[in-house]
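In the numbering used here, the protein residues as written are 1284 to 1622.
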Ligand code: 5GP
Ligand code: MN
C-alpha cells in the first residue's frame, strides 16, 4: 500500500482550487468506477465544491439506483453538454483507470483540456499521463483508495451515508463480495468505517446482485450446462457465447458479468476464460487463482491487460479463430505459469 502523505498537500490544493471539478470514470463502468466516482462526488459536494461527473457511456441497471447516479452525464448521450463540461473544468479527476483510451469518445476532449489532471487508480502499469498520479495496485478497489485519500485530505474520517454506500458498492463489486482481489486488513478497516456510517448492507447487496432478468439466469444455466469446456491438462475451463445465443436470451449489457468466475469453482480449475462474440471482434475475460498472471496472458496474446487474477482483452477475429488462438496460447503459456 502506498504512502499518501506525499500527495495530500497537492490534492488539497486541487480540491480547493477555484473552478469546476470534473470526475470521469472509464467506459463500460463497473461498480468500482461508479462507486469511487460517486464517493468522491459526495465528499467534494459536502465541501461546497462545484462538481460535474461524466461516464463515457451508459450505466448498467444495477448501478442506477445509487445516490447521485442521476447527476452523471453520459458522453454518448449528451455529447455537446459533456464537451462543454470538460472544457470548463479546472481540475479533472480520472477514476479507476490509467489508460486514456478507456475514456472512449471523451478521451480527445480531456486530452485537449488545460485542466489539471489527477488519476486515482489501482490497476497495474499506469501510463504516463496527467499532473498527479495516485496509483496503488495494493488496494482492492479505487473506492478503497478514495476513502484513504478523503480521510487524509479531510484530516479525519468523513461520515456521510451516500458516500459510504458508494464506497461499499465499489469494494463489494471489485472483490466479488470479498472473494477475490487485493483485499486485506485495510480493506476491512474501510469497511468498518462504512458500516459505522449506518448503511443498509443487505439492501445494497440486493440492489447490486439481485437485479437481473429471468432470461439472464437462464443464459447462465445454458452457458454452464452446454458451453463450458474443461481442459484438465491445463487446469483451465472456457466458455463461448455467440451473438445469436445472446439474442436468444434477450441479452442486455451486463448480463454476462460474473460468468467467467464460475468455472473456478470446479475442483482443479485455476484458470477460466469467457469469449463473447461482438460485431467484428471477440471480447475476452480471464480469471485465475493464486499466482497465475492472467494480465500477462491478456497482454501477450490479446492486446489486453488488467489485474493478476482478473483481466481481459479484445481480439479482432471470429469466435472460432479466437478460441484456436487461445488454445495455442495456453500451451505456450504453460511454461510461464507457476501453479
Ligand atoms: P472483465 O473481465 O470484467 O471485463 O475485466 C476485468 C478486468 O480486466 C477489468 O477490470 C480491466 O482491468 C481489465 N480489462 C478488461 N478488458 C480489457 C481490455 O480490453 N484491455 C485492457 N487493457 N484491460 C482490460
Ligand atoms: Mn476497480
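Beta carbons are placed, not taken as given, at the ideal position from N, Cα and C, and that holds for glycine. Computed from a prediction, not measured in an experiment: that's the story for all the values here.
Just to confirm, are residue 1402 and residue 1416 a CB contact at a threshold of 7 Å? Yes.
Does the contact criterion of 3 or more C-beta pairs under 8 Å hold for the region 1413-1427 versus the region 1440-1458? yes
Please determine, among 1441, 1412, 1284, 1505, the residue with the shortest C-alpha to C-alpha distance to residue 1480. Checked all of 1441, 1412, 1284, 1505; the closest Cα to residue 1480 is 1441.
Does the region 1545-1561 come into contact with the region 1353-1364, if we say contact requires no fewer than three beta-carbon pairs (one atom in each stretch) closer than 8 Å? no
For the beta strand (DSSP E) that residue 1397 lies in, which residues bound it at each end? That residue, residue 1397, is in no beta strand (DSSP E); it is neither H nor E in DSSP.
Just checking my contact of residue 1519 with residue 1552 at CB under 8 Å: how many whole Å lie between their CB atoms? 7 Å
Helix, strand or coil for residue 1498? Go by DSSP, reduced to three states. helix
Should residue 1461 go down as buried or exposed, given a rule of 16 or more other Cβ atoms within 10 Å for buried? exposed
Helix, strand or coil for residue 1617, going by three-state DSSP, please let me know. In the structure shown, residue 1617 adopts coil according to DSSP, grouped into three states.
Would you list the residues sitting across from residue 1547 in a DSSP beta bridge? According to DSSP, residue 1547 bridges with nothing at all.
If you run the structure through DSSP and keep just helix, strand and coil, what is residue 1624? Absent from the model: residue 1624. The displayed extent of the chain is 1284 to 1622, so no value can be given.
With a CB to CB cut of under 6 Å and the five nearest residues on each side skipped, what residues in its chain are close to residue 1568? So the list reads 1543, 1557, 1595, once near-sequence residues are dropped.
Kindly indicate the opening and closing residues of the alpha helix (DSSP H) around residue 1579. 1577-1585
Can the beta-carbon of residue 1538 be found closer than 7 Å to that of residue 1583? no
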